[in-house]
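One structure below.
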Amino acid sequence: MKLRETMPELKGVSGWLNTAGNEEPAVQKPVLIHFWSASSPVCRESMPDLNNIRDDFEADMHFIAVHVPLLEEDVYRSVIKETAENLNIIQPVALDNQRVLADAFELPKVPAYYVFDRNGRLRHFQKGGRGMKMLRRRIERVLNRSK
Numbered sequence: 021m022k023l024r025e026t027m028p029e030l031k032g033v034s035g036w037l038n039t040a041g042n043e044e045p046a047v048q049k050p051v052l053i054h055f056w057s058a059s060s061p062v063c064r065e066s067m068p069d070l071n072n073i074r075d076d077f078e079a080d081m082h083f084i085a086v087h088v089p090l091l092e093e094d095v096y097r098s099v100i101k102e103t104a105e106n107l108n109i110i111q112p113v114a115l116d117n118q119r120v121l122a123d124a125f126e127l128p129k130v131p132a133y134y135v136f137d138r139n140g141r142l143r144h145f146q147k148g149g150r151g152m153k154m155l156r157r158r159i160e161r162v163l164n165r166s167k
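For the sequence shown, position 19 matches number 39 in this note's numbering, and the numbering has no gaps at all.
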């Protein structure tokens with residue numbers, strides 16, 4: 021995806037965790053879409069930093085995780101649910117077993133982070149487990165909290 025492109029719809033997934041159903045953000049708030057995989061060591065290592073960011077900003081923006089399988093066992097709901105619980109992923113989790121969202125977002129690899137403003141426009145993208153300070157600064161900018 022290119023900057024300022026509109027956020028794709030969160031439809032066509034295999035299911036959801038931590039929510040009653042479709043998690044299209046209803047309130048006009050910024051959104052962070054985080055792609056991850058249960059079998060990715062980099063995703064597991066970076067999750068505590070992302071959880072801190074989520075906890076700091078959850079009142080002002082939506083956080084949605086999208087699980088993308090890398091290995092065959094990654095498609096099992098029980099594996100994803102257990103891993104999400106162990107990693108303290110409490111935000112809604114889309115199960116993207118068919119890679120519908122991964123394709124719509126042009127996902128290069130996991131972990132990946134897409135920050136959308138309240139109008140649904142992409143304002144920041146980054147991939148990999150490093151750079152959480154940069155992610156935090158970009159979120160602050162989208163929320164007009166720059167220091």
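Just so it is clear, CB atoms sit at the ideal spot from N, CA and C, and this is done for glycine as well.
Quick check on Lys147: does DSSP put it in helix, strand or coil? In this structure, DSSP gives Lys147 an extended state, which the three-state scheme calls strand.
Any chance the region 127–134 sits against the region 48–66, with 3 or more Cβ pairs inside 8 Å? The region 127–134, when compared against the region 48–66, does touch it at the 8 Å Cβ threshold.
Between the region 145–154 and the region 60–70, do three or more beta carbon pairs fall short of 8 Å? With a cut-off of 8 Å, the region 60–70 and the region 145–154 count as touching, because enough Cβ pairs lie within range.
Leaving out five residues before and five after Thr26 in sequence, what residues of the same chain have Cβ atoms less than 6 Å from its Cβ? Residues Gly140 of the same chain have their beta carbon placed closer than 6 Å to that of Thr26, with the five preceding and five following residues left out of the count.
What are the partner residues of Ile84, as DSSP defines its beta bridges? Answer is Ile53, bridged to Ile84.
Of all the options Asp94, Pro50 and His144, which has the alpha carbon lying nearest to the alpha carbon of Leu115? Ranking the options by Cα distance to Leu115, first place goes to Asp94.
Classify Leu30 as helix, strand or coil using the three-state DSSP reduction. For Leu30, the secondary structure class from DSSP, reduced to helix, strand or coil, is coil.
Terminal residues of the alpha helix (DSSP H) in which Phe179 lies: Because residue 179 is not part of the residues shown, which for the chain are 21 to 167, the question remains open.
Where does Ala104 fall in DSSP's three states? Three-state result, Ala104: helix.
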